[in-house]
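Structure first, then comments.
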DNA sequence: GCTTTAGACGTAT
DNA sequence: ATACGTCTAAAGC
């Protein structure tokens, strides 16, 4: 099977570096906002080998434009990205990502609630799937918190998770989300 | 509150 | 088969 070329772009938004990986008009991975380009590239590196990945259609959006949108969403602006798609299947991970995509800005759900939506008790597997979220920000895994409303882990660190939630007006007291 | 412990289960190896 | 993980619930302090 012939593979199409995967292209990578980087750019900045308000002093932060972002990286994206795309194939034709499909975005397959994006980074968080990072302090250096290398770090941004590391974010996407592990997702560009496998082609059984979720993606969003770019529809002729230029990479610079997309990085701008990512930057804005990093800073709490409500950006409407295209729906997440997947060529293949109903695998658990993709179902998790789909479910998480439904969480609107300013709201949170728990790992448990996501699992229950999928008729599963695999709370940790939900975390696992989100740990491998190739499209952070676009798939808002920062809006998933623990059942006790503590923030839980995050690829960019829990401080970043907190910052992302705060910038979209989620109320946080100490280390817990108020909802 | 905070720590430990066992349990649950999809995924990668 | 085994080990790991953005977890949970219960028990003890």
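Residue numbers (the working numbering): 53 to 231. Here a beta-carbon is modelled for each residue, glycine too, at the ideal position from N, C-alpha and C.
* To do: Measure how close the beta-carbons of residue 219 and residue 128 come, nearest whole angstrom, since I'm counting them as under 8 Å.
  => At roughly 3 Å, the Cβ-Cβ gap stays under 8 Å, so residue 219 and residue 128 are in contact.
* Asked: Between the region 149–169 and the region 94–104, are three or more C-beta pairs nearer than 8 Å?
  -> In this structure the region 149–169 does not lie against the region 94–104, because fewer than three pairs of beta carbons, one per stretch, are closer than 8 Å.
* To do: Using only alpha-carbon positions, find the residue among 165, 106, 182 and 56 that is nearest to residue 233.
  => As displayed, the chain neither begins before 53 nor continues past 231, which places residue 233 out of reach and without an answer.
* **Separation of residue 167 from residue 173, as counted between CA atoms** => Between the alpha carbons of residue 173 and residue 167 lies a distance of about 6 Å.
* **Assigned secondary structure, residue 178 (DSSP; H/G/I helix, E/B strand, else coil)** => Reduced to three states, the DSSP call for residue 178 is helix.
* Asked: Could you check where the beta strand (DSSP E) with residue 81 kicks off and where it finishes?
  -> Looking at the DSSP string, the run of the beta strand (DSSP E) that includes residue 81 is 78–82.
* Okay, do the region 170–186 and the region 132–140 touch, 3+ Cβ pairs below 8 Å being the bar? -> At 8 Å Cβ cutoff, the stretches do not touch.
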